[in-house]
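Line by line, the protein sequences give chains A and B.
Count the first sequence with my numbering and you get residues 1 to 341, in order.
Count the second sequence with my numbering and you get residues 342 to 631, in order.
To start, the structure under review is shown below, and the notes come after it.
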Amino acid sequence: MLRYIIRRLLLLPLVVLGVTFGLFFLTQRLSPEMRASLYIKDPRQMNAMEEIIREYGLRDNVFKQYGRWLGNVVKGDLGYSPSANMPVARAIKEYLPATIQLAFVTILLVVFFGVWFGSASAVHKDKWQDIVARFVSVGGFSLPIFVLGLLMLMLFYGKLGWFAPGGYSVQSNMIIHAAAFKTYTGFLLIDTLLNGHPRVFLDVLFHLVLPSVTLCIGSFALMVRVMRSSMLEELNKDYVRTARAKGLPEWKVVYKHAGKNAIIPVITLASIQFIRLLGGTVIVETIFDYPGIGRFGVIAAQQLDIAGILGFSLMVAVLFVIGNLLSDILYTAVDPRIRLE
Amino acid sequence: MNERIWKRIYKNKTSLFGLILVALFALVALLAPVLAPVQNKNNPYQLPQKSYQIAPQPPSSQNWFGTTEQQYDLYYGVVWGTRLAFKIGITVTFFAFLIGLFVGGIAAYFGGKTDEILMRLTDIVFAVPSLVLAMVIAAMLGPDIKNMMIALTAVAWPSYARLVRGDILSVKQRDYVTAARTLGARGPRILLRHILPNSIYPSVVVASLDIGYIVLTAASLSFLGLGAQPGTADWGQLIAMARNWVLGIPGHTFFYWYTVVAPGGAIFLFVLGWNLLGDAFRDILDPRQG
């Protein structure tokens with residue numbers, strides 16, 4: 001186990017260096033002039049193009065340039081992102097908590113609906129409940145998230161006016177960005193309560209509804225399937241027959257006995273899906289204009305903001321390797337039969 | 342493809358539905374020049390544009406599915422978008438599989454250090470979610486369809502490399518390989534004549550079923566503006582155009598419904614078809630399922 005963890009942690013620098021160097025290599029396709037123009041904020045500086053290229057060493061060979069970038073990263077300087085109009089490090093610090101918050105609310109929904117639909121599907125196997133649950137999950141799985149998102153906007157924002165895009169309303173924005181508002185954790189759902197603004201808390205929660213429900217519909221099919229097959233397996237076991245023979249009411253047999261065991265794979269899947277969701281938020285955040293790290297990455301990519309793209313990829317790679325490791329460890333904790341090698 | 346597989350697909354209603362959907366789309370893709378005559382001979386994927394008026398127009402006898410922003414014809418877009426979807430899906434899967442076959446084959450055959458290095462290479466690509474990595478690569482290469490396909494191939498090959506490697510490793514131990522070696526066959530001959538033909542088919546099936554997923558990722562990239570450019574018959578790009586019109590006009594939210602429903606419905610049915618077909622094959626290939 002310890003050996004496995006160490007080996008996986010050794011993989012971390014390899015992955016991070018591999019991904020960032022690969023992307024860095026691609027940036028060399030852009031001419032030094034194009035890359036230099038990213039440093040230019042004032043049109044008058046255009047005359048100084050050659051100086052900028054020399055100052056930042058944009059004509060050096062790729063290894064030298066990469067080394068320089070890496071050196072800055074180690075010092076905590078990820079460069080300046082023109083698309084976000086702030087240093088990349090600050091953008092990550094500001095946007096990442098919003099995305100984690102979104103993924104967390106989504107995974108709660110995924111587990112809730114996955115367990116509900118999955119167990120209903122198993123208990124009423126081949127009845128209409130089963131067919132509906134399977135239909136909804138396959139349909140949700142096949143409906144592209146950007147189509148679903150637009151339909152949700154049409155219905156719940158345009159037609160009904162229940163929810164709005166964005167991360168919070170204009171009024172909340174003023175409170176959140178006021179000097180008196182203290183940042184404790186970076187997670188608005190927690191910070192608003194700690195600052196004593198329950199209304200802003202509700203507002204932030206309301207803005208999470210559309211993106212999290214959209215993400216949930218797109219990713220809970222797998223959960224339904226896992227819960228269904230796991231529940232079916234448990235329902236066929238001897239202890240369930242014993243419980244039924246004892247004369248326990250059916251709901252007690254299903255939820256207290258079989259359900260408790262059937263839910264184990266759901267927990268492990270949830271931890272894996274939580275990590276995967278961080279990737280899926282890219283599109284949802286763009287559609288709902290949600291101020292998270294995915295939207296930051298998309299805008300950086302669209303505007304060819306190299307520092308932003310590299311910083312975003314670096315962060316995603318680190319997050320994924322660590323996240324995957326944690327979910328592997330959780331896997332063994334929940335099911336001791338599994339051994340990591 | 343043997344008779345047993347066809348029988349099972351035929352017996353299962355949902356997988357039959359999936360097969361019919363995919364077959365219909367394939368038909369539309371093949372007959373695209375008949376269904377929607379080419380307007381621009383140099384680039385058939387260029388959408389015909391009726392005028393430069395901005396607001397979309399509802400379905401009519403001239404534009405069966407209506408027009409989207411800037412009067413691009415949606416019917417033409419859906420038909421030629423189907424052809425483009427197959428083109429992207431097949432090309433990307435083919436090249437990704439070829440690379441995967443090459444890398445996986447070398448890793449499995451030589452083993453040891455070579456295997457270790459190549460597999461760590463796949464780890465690197467696997468470590469980042471494929472949509473995010475494809476998005477970043479496509480952005481660096483510059484947004485157009487060819488670069489999008491390169492980006493998709495770059496993120497798709499590692500899973501095939503692992504698949505092929507695993508299959509070859511399991512076949513490598515079989516008796517007939519040992520027999521061939523005993524008879525004096527050399528390395529490359531064993532690999533090409535004995536191991537590959539016996540290990541490749543499951544991977545080929547799995548890879549071809551990924552076409553739906555590849556097309557979905559491609560559409561996502563186009564939607565984000567990092568793939569097909571405006572005016573291309575590409576589903577993702579058409580949906581991106583619909584984005585400006587989802588709120589309709591005051592009092593009529595669903596006024597421009599057709600701008601989302603036409604391309605959105607096409608991609609939904611396409612991906613649904615591949616997913617249903619994929620489920621059927623996964624059940625068939627998995628010997629544990631009865």
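From the three backbone atoms N, C-alpha and C, an ideal C-beta is built for every residue, glycine too.
Note that this is a predicted model, so its numbers are computed, not measured.
For residue 570(B), the three-state secondary structure derived from DSSP is coil. Leaving aside the five residues that flank residue 591(B) on each side, none in its chain has a CB nearer than 8 Å to its CB.
In this structure residue 95(A) is buried. Its beta-carbon is surrounded by 16 or more other beta-carbon atoms within 10 angstroms. Assignment of alpha helix (DSSP H) within the stretch 547-614 of chain B, counting only whole runs of 4 or more residues, yields 552-564, 576-583 in chain order. As the crow flies, the alpha-carbon of residue 131(A) is around 35 Å from that of residue 496(B). Residue-level contact check: residue 561(B) touches chain A, since one or more beta carbons of chain A fall below 8 Å from its beta carbon. Around residue 102(A), the same chain offers 208, 211, 212, 281, 290, 292 as residues with beta carbons nearer than 7 Å, after the five sequence neighbours per side are excluded. Across the structure, residue 380(B) and residue 389(B) are spaced so that their CA atoms are roughly 6 Å apart. Within chain A, the C-beta atoms nearer than 8 Å to that of residue 616(B) come from 138, 141, 142, in chain order. With fewer than 16 other CB atoms across the displayed protein chains lying within 10 angstroms of its CB, residue 31(A) is exposed.
Distance from residue 391(B) to residue 409(B) at the Cβ level is roughly 11 Å; contact not present, criterion being Cβ atoms closer than 8 Å. For residue 173(A), the enclosing alpha helix (DSSP H) covers residues 170-176.
Residues are counted here when their Cβ sits less than 9 Å from a Cβ of chain A; for the stretch 474-487 of chain B these are 474, 476, 477, 478, 479, 480, 481, 482, 483, 484, given in chain order.
Leaving aside the five residues that flank residue 305(A) on each side, the residues in its chain whose CB is nearer than 8 Å to its CB run, in chain order, 38, 81, 82, 83, 84, 299. Neighbours of residue 279(A) in chain B, taken as residues at a C-beta separation under 7 Å, are given in chain order as 470, 472, 473. Look at the beta carbons and you see the stretch 272-279 of chain A touching the stretch 316-323 of chain A: at least three pairs across the two are nearer than 8 Å. The beta-carbon distance between residue 190(A) and residue 181(A), rounded to whole angstroms, is 13 Å. This is too long to meet the 8 Å contact definition.
Beta-bridge partners of residue 87(A) (DSSP): 80(A). Taking residue 424(B) as the centre and dropping the five residues before and after it, the same chain places the C-beta of 370, 373 closer than 6 Å to its C-beta, in chain order. DSSP places residue 254(A) outside any alpha helix (DSSP H), giving it a letter other than H or E. Residues 494, 498, 501, 502 of the same chain have their beta carbon placed closer than 8 Å to that of residue 440(B), with the five preceding and five following residues left out of the count. Take the alpha-carbon of residue 328(A) and the one of residue 217(A): they are about 25 Å apart. Shown here, residue 519(B) sits in a helix according to DSSP, grouped into three states. Spanning the alpha carbons of residue 235(A) and residue 258(A) requires a straight line of approximately 6 Å. Counting of Cβ neighbours within 10 angstroms places residue 413(B) among the buried residues, the total reaching 16 or more. Under DSSP, residue 408(B) forms a beta bridge with 398(B), 414(B). Residue 609(B) and residue 147(A) do touch by the CB rule: their CB atoms are close to 6 Å apart, below 8 Å.
Contact note: residue 313(A) reaches chain B through 469, 473, 474, 477, using a C-beta cutoff of 8 Å and chain order.
Taking residue 515(B) as reference, the option from 536(B), 529(B), 528(B), 530(B) with the minimal CA-CA separation is 536(B). Under the three-state reduction of DSSP, residue 387(B) is assigned to strand. With respect to chain A, the C-beta atom of residue 409(B) has no partner C-beta closer than 8 Å.
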